[in-house]
Amino acid sequence: MQSDARIPSRASVRIQTYLLVFLGLALVTAVELAIASLGLARSVRVPILVLLSLGKASLVAAFFMHLRSDSRLYLVIFITPVILILAVAILFVIA
Amino acid sequence: MHDATHPAEQTAMFKAGDRLGLDHLKLGMWLFLASEVMFFGGLISAFLHFKINNPSPESSLLDVVLVGINTFVLLASSLTVVLGLAAIQRGDRRGLMGYLVATIILGFAFLFGQGNEFVTLYRHGVTLSSSLFGSSFFTLTGFHGLHVFVGICWALMTLAKAARGGYAQEAHLGVEIFGLYWHFVDIVWIILFTLIYLV
C-alpha cells in the first residue's frame, strides 16, 4: 500500500498548478516582447500578439479566478460582456 | 411542475442564495466585473479607433522594456494573491499575510513604473490635452492605474482584517472576492500591454 506521505495533497497540487500557470504567463509575455521586436509585418504580428494576449487573459480567468472549476453562471456573466465588447471593438476598428 | 416549498421558505432560501447555490457576495462581484468589462471595453475601443485612424509618432516614445518589466510585476502580484488564498484555505493565516504584503509591494512597484512612464511622456510634451494619443493613452492607462491603487487599498484592508484574525480556513470569502478584483485588473493590463505597447 502506498504511503499517504507520498501522495501529494490537493493543496500542493493546486499550488503547483498556480506556479505553472505563472511560468506560462511569464514565458508568453517574453515571447510577445520577442515577437514585437522582430519587425514582422503588421498583418502577421497583430493577430499573433492579440491571440497570445487573449490566451494569457484566459489562463488568469480560468486558473487564478477559478472560472474553470466554479459555477458556469459566473463564466456566462463574465463572458457575455466580453463578447459584446469584442464586437464593439471590431466595429470601431472597421469604422 | 409544482414546487412544494412554502413561499416564505422560498424567500428565505432566495435571500440565503440557496436557490442558485451561489454566494451573494461572489455573484455581486462577478456582476461588478462584468460592468467593468464594459467600462474598459469602451475605453479600449476608443483607443483602438484613434490609434488606427490617427497613427501618432508619440507612440514611439513608449518604453516597451520598462512596461514589459511592469507586466511581469503585475503577473507576479496575481500569483501572490492566489498563493495567499491557497494559504488561508489550508489555515495558514501568516502565509496569507505574507503574500498580501508581497502583493501590496508589487502593486506599488507597478504604480511606480507607471508614474515613471507618465513623467517621461510629460517631459516630452505628451499630456492629457496635447493630442488625441495623449488623451486616449492617459485616460486608459490612468484609469487602470487607479484600479491598481484601489486594489492596493483593498489589499491593505484585507491585510488588516487578516491581522485581527478575520479569516480562517473555513471563512476566507473576503480574500477570494479581493482576489477576483485583483486578477481582473491583471487581465485588463494583459490586454492593454498588447494593444498599446506591442501592436
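These protein sequences, in sequence, are chains A and B. Using the numbering used here, you'd call the opening residue of the first sequence number 20 and step up by one each time. Using the numbering used here, you'd call the opening residue of the second sequence number 17 and step up by one each time. Cβ coordinates follow ideal geometry from the N, Cα and C atoms, glycine included.
With contacts defined as CB atoms closer than 8 Å, A:V107 and B:S151 fail to qualify as a contacting pair. A residue is called buried when at least 16 other Cβ atoms come within 10 angstroms of its Cβ; B:N69 does not meet this threshold and is exposed. Beta-bridge analysis with DSSP links B:A187 to B:A184.
Contact between A:F111 and B:L64 is confirmed by a C-beta separation of about 6 Å, below the 8 Å threshold. B:W46 and A:A30 have their C-alpha atoms spaced approximately 25 Å apart. Annotation: Cβ neighbours of A:A30 in chain B (cutoff 8 Å, chain order): A102, Q105, R106. Setting aside the 5 residues that flank it on each side, A:A80 is surrounded in the same chain by L86, F97, each with a C-beta closer than 8 Å to its C-beta; the list follows chain order. Taking the C-beta atoms as reference points, A:F83 is found no nearer than 8 Å to B:S93.
Under the three-state reduction of DSSP, B:L78 is assigned to coil, being neither helix nor strand. Taking 9 Å as the Cβ-Cβ cut-off, the stretch 50-64 of chain A approaches chain B at E51, L52, I54, A55, S56, R61, R64, given in chain order. From the listed residues B:V117, B:L211, B:T143, the smallest Cα separation to B:T174 is found for B:V117. Contact annotation: the stretch 163-179 of chain B touches the stretch 191-202 of chain B, with at least three C-beta pairs closer than 8 Å. Boundaries cannot be given for A:F82, as no alpha helix (DSSP H) includes it and DSSP labels it neither H nor E. At a cut-off of 8 Å between C-beta atoms, A:R33 counts as an interface residue with respect to chain B. For A:S62, the enclosing alpha helix (DSSP H) begins and ends at 61-78. Cβ-Cβ separation between B:L59 and B:L156: approximately 5 Å, consistent with a contact (criterion under 8 Å). In the DSSP assignment, B:R110 falls within the unbroken alpha helix (DSSP H) covering 109-139. Look at the beta carbons and you see the stretch 121-139 of chain B not touching the stretch 102-110 of chain B: under three pairs across the two are nearer than 8 Å.
Between the alpha carbons of B:S146 and B:L77 lies a distance of about 14 Å.
The beta-carbon of B:T155 is placed no less than 8 Å from the nearest beta-carbon of chain A. The alpha-carbon of B:L38 is positioned some 10 Å away from that of A:D89. A:I109 counts as exposed, since fewer than 16 other beta carbons sit within 10 angstroms of its beta carbon. A residue is called buried when at least 16 other Cβ atoms come within 10 angstroms of its Cβ; A:T99 does not meet this threshold and is exposed.
Counted as a single uninterrupted DSSP element, the alpha helix (DSSP H) harbouring A:R29 occupies residues 29-57. Annotation for B:F165: the continuous alpha helix (DSSP H) segment containing it runs 148-179. Between B:T96 and B:F209, the CB-CB gap reaches or exceeds 8 Å. Put simply, the backbone Cα of B:V166 is about 13 Å away from that of B:H199. Chain order gives no chain A residues near B:I121, where near means a beta carbon separation below 7 Å; the closest approach is about 17 Å.
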